[in-house]
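The next block holds one structure in the form of structure tokens; read it before the comments.
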Ligand SMILES: [Zn+2]
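Residue numbers (this note's numbering): 2 to 325.
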């Protein structure tokens, strides 16, 4: 690696469940460059890093809490190791945590001479963003993510009507009247040149961490659920209905009785899905490992665990043998 050419850095932000990892996988699949991917998950299990499909570069996980709140610790070490190491890549893309402020991560690229900030992208779920912006508990965090981004990508735009799409657009514009907004469709990738190089070359745009910066470690709480066992699909559906609304996000890998493949579990705002873990992910090693993020008033772990324990298959021993 030559010292002469700074490496372009793109930061991807967006609230819990917006579709950051899906977008990142599509970006990597497009294969336009060899990427080093850094993924920050707020939870102690870095689920998103395991969901990044194999690509012609390198993936590193940042699991020491919210990176934007603790830039000094693991993040700089990981970044330094990457820049000094043998991994070959042309660009760096950093996925901020769902509660993180992507700009605070991007500022590193502004002050580090080996890096050049290419752009800050915020992904917003077209169906939820208007509601999230106004949400009493998380609205501040959501609005703050838009504050200095270059592009907003409205994900899942093909799932709504033109009127709903416009409402989402207006909601984003109410926070950032000047921001560029693009729609993200399932089948087509936006023109990547729109996403990159939108920054001016000035290296003096860093303005420090604002005094009113949110403390994500204080405002949100993480919760991990691990079990050697399998869920029963019906019992799981019933258990999820009992989870408190303070639990904003739950995701990870699990096993479902009767399913041969490990499953990827995703839940956002009470909507949940299971999908077989693809061969290209490293997911599925354990039996059940889920990572949750909630507001600070999330009920105690034991209470949440009791709910999900109610979803375990009763005849676990019978469910397990040699399915793999
Ligand atoms: Zn943070």
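Quick reminder that beta carbons are idealized off the backbone N, C-alpha and C, glycines included.
Review point. Which residues are close to ligand 1, meaning CB closer than 5 Å to any heavy atom, in chain order?
Key: 67, 69, 70, 101 and 217
Review point. Which of the three DSSP states, helix, strand or coil, is assigned to residue 276?
Key: strand
Review point. Would a C-beta distance cut-off of 9 Å place residue 141 and residue 121 closer than the cut-off?
Key: no
Check your understanding: Which two residues bound the contiguous alpha helix (DSSP H) that contains residue 176?
Key -> 163-176
Practice item. Please report the residue range of the alpha helix (DSSP H) in which residue 24 lies. Key: 21-31
Check your understanding: So residue 278 and residue 267 are in contact, right, with Cβ under 8 Å, and what is the actual spacing, rounded?
Key -> Not quite, the Cβ-Cβ distance comes to about 12 Å (not below 8 Å), so this is no contact.
Practice item. Note down, one range per segment and in chain order, each beta strand (DSSP E) of at least 3 residues found wholly within the region 80-145. Key: 92-96 and 116-126
Practice item. Can you say whether residue 169 is buried or exposed, counting buried as having 16 or more other CB atoms within 10 angstroms of its CB? Key: buried
Point to revise | Touching by the beta-carbon criterion (3+ pairs, under 8 Å), the region 91-102 and the region 16-29 | key: yes
**Study point:** Cβ-based neighbour list, residue 257, same chain, cut-off 7 Å, excluding 5 preceding and 5 following
**Key:** 231, 232, 234, 264 and 275
Check your understanding: From residue 71 to residue 259, what does the alpha carbon distance come to, in whole angstroms?
Key -> 42 Å
Practice item. Just confirm the distance between the C-beta atoms of residue 92 and residue 34, as a whole number of angstroms; I'd bet it's less than 8 Å. Key: 5 Å
Exercise for review: Quick one: grab the DSSP three-state call for residue 71.
Suggested key: coil
**Study point:** Own chain residues within Cβ distance below 6 Å of residue 59, not counting five before or after
**Key:** 37 and 88
**Study point:** Option in 109, 10 and 129 with minimal Cα separation from residue 18
**Key:** 129
**Study point:** Segment limits, beta strand (DSSP E) that includes residue 41
**Key:** 36-41
Check your understanding: What's the C-alpha gap between residue 190 and residue 303?
Key -> 42 Å
Check your understanding: Would DSSP call residue 260 helix, strand or coil?
Key -> coil
**Study point:** Beta-carbon proximity check, residue 64 vs residue 81, cutoff 9 Å
**Key:** no
Practice item. Check whether the Cβ atoms of residue 251 and residue 291 lie closer than 9 Å to each other. Key: yes
**Study point:** Rounded Cβ spacing between residue 236 and residue 312 (contact assumed at less than 8 Å)
**Key:** 5 Å
Review point. So, residue 147 versus residue 177, is the Cβ gap smaller than 9 Å?
Key: yes
**Study point:** Same chain, Cβ closer than 6 Å to residue 159, neighbours up to 5 away in sequence not counted
**Key:** 186 and 187
Review point. According to DSSP, which residues form a beta bridge with residue 227?
Key: 290
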